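K.L.:
If you scroll down you'll find the structure; I have some questions about it.
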Amino acid sequence: MMFLKEILHRKLSFIFTLAGVLAAVTLVVSFYTLTKATWNETRLLTRDMGFNLRIIPTQTNMDEFWINGYSENIMPEQFLQRLVDQNSVNYAHLTASLHKQISWENQKVILSGISPDEIEPGGARKSKMIFAIPSGTVILGFEVANKASIQRGDSIQVLNTAYLVDKILAETGSLDDIRIYFDLNELQTLLNMPGMINEIMALNCMCSTKGDNPLETLRTELGNIIPEAKVVMNSTIAVARERQRKMGDKYFSMLVPLFLIICMLWVAISILNNVNHRLQEIGILRALGFGSGRIAIIFFVRAALAGFLGAILGYYLGTEIAKSFGPDIFKVAPNSVKELPVLLFWSVLIAPILACVSASIPITWALSRDPAVTLKQD
Amino acid sequence: MIELKSINKSFQKGKKQIKVLSDFDINIKENSFSIIKGQSGCGKSTLLFTMGGLLKPDSGEVKLLGQDLYQLNQSSRRVFTAKTIGFVFQSYHLLSYLSVRDNILVQQRLSYIQLDLDLIDDMINELHLQDRLNHKPGELSAGEKQRVALVRSLAANPKLILADEPTGNLDPENSEIVLSFLKRFQQKGGTIAMVSHSSDADQMADQIIHLKK
């Protein structure tokens, strides 16, 4: 094991090479782990911002839609199933809803029936964005409750049916403040509109395509699946969502290659320093009968070992750094920084290869030196 | 043993071409002790490396045991010279991270080389290195280093020793040990070609080759 003896003899030189690999792996692992956590936090943040897609009947008059806050037209609830049946679609958190404006207790309110089930295309279930409304109960928007002086636990009459007030929502400064929320089935029965809805609320995930114009993609997709419906998008939420998602990707794709190039140069310089000190050794090994391949292996094994050790140490160090800084960075989802064991596999696989690639130029240079010249340099 | 015919070798130094060997001929007989002398820069080491298959001449023929060295491909030449030639250098060129024992046995890693371990033990005892086997070169005196280099050069039982000023860094006592050892190698049938500045070994030589600038 000549290479091990050489490493033990020139510890500092090896540590210098190892440090280059360690820095590269640590930075990549910590950055990737944090980027992954950013995606999770972004998902949670934007999810909390609410649905940004509204799928409504095609014939909806858009003037009235924006003035009323909902579509006066209706469509069968089964339309939702068509989206669910798709294996890959850019819609997520599909929720059927029915809305109707009425006058109640000297005020205009919107009755909103929300499906208790949020469904994902392909059958996947995600964490819920909506609140469940127990049967026989309603949830009141802030303004509705405030104007009629209603407390939680009170009983109210809506269209001659009694309901218990389960919850009163905090003020939102939006149409939600004048809503009375029902379970979808209960409102369908109350309005005598069984199986009918006027909106499917959703969130765009852009999980199957990555286009420059998401709305166009979503409209084309919906046109093929539910031609009887159209989609409108709250672009403020969508843009914020996309911007945050892309920002993480951008920094990762820009900084990681830069880190890698710097660290590979570092490794190359450390190997160059090592081979430069060992030119006479290469010369004498040649004089003793060692071929270029045999000598190259001594140096490549050294580089690969630095890569291997750097990968293992870098993985744990990078993960620890990400875990240490994660809770300070991610306030919404402090536990979103998770160890990614798959990175250990990739680090151990790629770092020794990159270390050998970095070492290849100095090693090739050293082997191309004439042994007679190096041996004469006494 | 080794015959050089019409050897030409020049080096490029900047834009200048320096001719070191010009139409050089030499014949070193088997079982002889030859000393190569000359001023600094006259091409003594160049000649030695050319003889050893480490430096290809610009033109000419180098025949070792009848085999033209530079007609062989690199790999065959490497195997042939490793089996036939032992090198000794002024600055020893021991591997600093290996022990004395590992330095001596370094060619054991080559599948085509068979080391004569009994012969190596004899040489270690003869050169009083038995207590130094586990030491690193950095822990040895100059004389000890050169003795280790001598044992290493003979470990594969070569027929020819090419020595480049092997006593250049040694005191008279250690020079004497080295030269006596080389003389005994010749007495056992070996051939020696040695570059030297000093005249210490002149009386041992069968021929002295003077190189001129």
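Chains as they are written, first to last, in this note's numbering: chain V, 18 to 395; chain Z, 182 to 394. Using N, Cα and C, we set each Cβ at its ideal position, and we do this for glycine too. Here the structure is a predicted model, which is why all the values come from computation and not from measurement.
#1: Let me check understanding here. Comparing Cα to Cα, which of V:L326, V:R303, V:A372 lies closest to A263 (chain Z)?
#2: What is the rounded straight-line gap between the Cα of N338 (chain Z) and the Cα of Q367 (chain Z)?
#3: By the 7 Å beta-carbon criterion, what residues does the region 358 to 390 of chain Z contribute toward chain V?
#4: In three-state DSSP terms, what is A323 (chain Z)?
#5: Establish whether the CB of P388 (chain V) and some CB of chain Z are separated by less than 8 Å.
#6: Closest to G247 (chain Z) by C-alpha separation, out of Z:M182, Z:K394, Z:D387, Z:K197, would be which residue?
#7: Measuring only between beta-carbons, confirm whether A401 (chain Z) sits less than 8 Å from chain V.
#8: With a threshold of 8 Å on Cβ separation, who are the neighbours of P151 (chain V) within its own chain once the five nearest residues in sequence on each side are excluded?
#9: Mind checking who K186 (chain Z) pairs with in its DSSP beta bridge?
#10: Is A368 (chain V) near G310 (chain V), with beta carbons less than 8 Å apart?
#11: Is R319 (chain V) close to chain A, meaning its C-beta is less than 8 Å from at least one C-beta of that chain?
#12: If you draw a straight line from the alpha carbon of Q103 (chain V) to that of I72 (chain V), how long is it in whole angstroms?
#13: Between the C-alpha atoms of P347 (chain Z) and H378 (chain Z), what's the straight-line distance to the nearest angstrom?
#14: Cβ closer than 7 Å: which chain Z residues qualify as neighbours of E23 (chain V)?
#15: If you draw a straight line from the C-alpha of M264 (chain V) to the C-alpha of L39 (chain V), how long is it?
#16: Enumerated in chain order, which unbroken segments of the alpha helix (DSSP H) with a length of 4 residues or greater are wholly contained in the region 85 to 139 of chain V?
#17: With a threshold of 16 other CB atoms inside 10 Å of the CB of E211 (chain Z), please say whether the residue is buried or exposed.
#18: Quick one: list the residues of chain Z neighbouring E298 (chain V), beta-carbon separation under 7 Å, in chain order.
#19: Can you tell me the Cα-Cα spacing of I242 (chain V) and P133 (chain V), whole angstroms?
#20: Note down, in chain order, all residues in the region 299 to 314 of chain V with a beta-carbon under 9 Å from any beta-carbon belonging to chain Z.
#21: To the nearest angstrom, report how far apart L296 (chain V) and T391 (chain V) are at their CA atoms.
#22: Going by Cα to Cα distance, which pick from Z:Y278, Z:Q384, Z:G267 is closest to S361 (chain Z)?
#23: Round the Cβ separation of M218 (chain V) and Q205 (chain V) to the nearest angstrom and send it over; I've been treating them as touching at under 8 Å.
#24: Mind the definition here: the region 197 to 214 of chain Z touches the region 223 to 243 of chain Z only if three or more C-beta pairs lie below 8 Å; say whether that holds.
#25: Which chain Z residues sit within Cβ distance under 9 Å of L384 (chain V)?
#26: Just to make sure I have the definition right: I need the residues of chain V whose C-beta is within less than 8 Å of the C-beta of I294 (chain Z). Which are they?
#27: Residues in the region 202 to 229 of chain Z with C-beta within 7 Å of chain V's C-beta atoms, listed in sequence order?
#28: What is the DSSP secondary structure of N284 (chain Z), counted as helix, strand or coil?
#29: Pull the bridge partners of G267 (chain Z) from the DSSP assignment, please.
#30: Write down the C-beta distance between T43 (chain V) and V284 (chain V) rounded to the nearest angstrom, noting that I regard them as a contact closer than 8 Å.
#31: Using the beta-carbon count (16 or more within 10 Å), is D194 (chain V) buried or exposed?
#32: Per DSSP, what are the beta-bridge partners of I199 (chain Z) in this structure?
#33: From the DSSP output, read off the bridge partner residues of S172 (chain V).
#34: Using a C-beta to C-beta distance shorter than 7 Å, which residues of chain V count as neighbours of V287 (chain Z)?
#35: Below 9 Å on C-beta distance, what does S191 (chain Z) contact in chain V?
#36: Would L232 (chain V) and M250 (chain V) be called neighbours here (beta carbons separated by less than 8 Å)?
P.N.:
Reading from the atomic positions:
#1: Closest by alpha carbon: V:R303.
#2: Taking the straight line joining both Cα atoms gives about 12 Å.
#3: Answer set for the region 358 to 390 of chain Z: empty.
#4: Secondary structure of A323 (chain Z) (DSSP, three-state): helix.
#5: Judged by the 8 Å Cβ criterion, P388 (chain V) is in contact with chain Z.
#6: Its Cα nearest to that of G247 (chain Z), the residue Z:M182 stands out among Z:M182, Z:K394, Z:D387, Z:K197.
#7: Past the boundaries of the shown model lies residue 401 (chain Z); chain Z is included only from 182 to 394, so the question cannot be answered.
#8: Here the set comprises D183, D200.
#9: Per DSSP, Z:E242.
#10: The answer is no: Cβ separation not under 8 Å.
#11: The structure shown has no chain A; the protein chains it does contain are V and Z.
#12: As the crow flies, the alpha-carbon of Q103 (chain V) is around 16 Å from that of I72 (chain V).
#13: Each residue's alpha carbon lies about 10 Å from the other.
#14: Near E23 (chain V) (Cβ distances below 7 Å), the residues of chain Z are Y278.
#15: Cα to Cα, the separation comes out at about 26 Å.
#16: The region 85 to 139 of chain V contains these whole alpha helix (DSSP H) runs: 96 to 101.
#17: Exposed is the call here.
#18: Neighbours of E298 (chain V) in chain Z, taken as residues at a C-beta separation under 7 Å, are given in chain order as L276.
#19: Each residue's CA atom was taken as its position, placing I242 (chain V) and P133 (chain V) some 23 Å apart.
#20: If the cut-off is 9 Å between Cβ atoms, the region 299 to 314 of chain V has G300, I301, L302, R303, A304, L305, G306, F307, G308, S309, R311 near chain Z.
#21: One Cα belongs to L296 (chain V), the other to T391 (chain V), and the distance between them is close to 6 Å.
#22: Taking S361 (chain Z) as reference, the option from Z:Y278, Z:Q384, Z:G267 with the minimal CA-CA separation is Z:Q384.
#23: Not confirmed; about 16 Å, so no contact.
#24: Look at the beta carbons and you see the region 197 to 214 of chain Z touching the region 223 to 243 of chain Z: at least three pairs across the two are nearer than 8 Å.
#25: Neighbours of L384 (chain V) on chain Z: none; closest Cβ ~12 Å, over 9 Å.
#26: One finds G306 in chain V with Cβ atoms closer than 8 Å to the Cβ of I294 (chain Z), taken in chain order.
#27: Residues S226.
#28: Helix, per DSSP.
#29: Partner(s): Z:I342.
#30: Separation of the CB atoms of T43 (chain V) and V284 (chain V) is rounded to 14 Å, and the pair is thereby denied contact status at 8 Å.
#31: With 16 or more Cβ atoms within 10 Å of its Cβ, D194 (chain V) is classed as buried.
#32: Per DSSP, Z:F192.
#33: DSSP output for S172 (chain V) lists V:L181 as bridge partner(s).
#34: Residues of chain V passing the Cβ test: L305.
#35: The contacting residues do not exist; S191 (chain Z) stays about 14 Å from chain V at best.
#36: Result yes, Cβ atoms of L232 (chain V) and M250 (chain V) sit closer than 8 Å.
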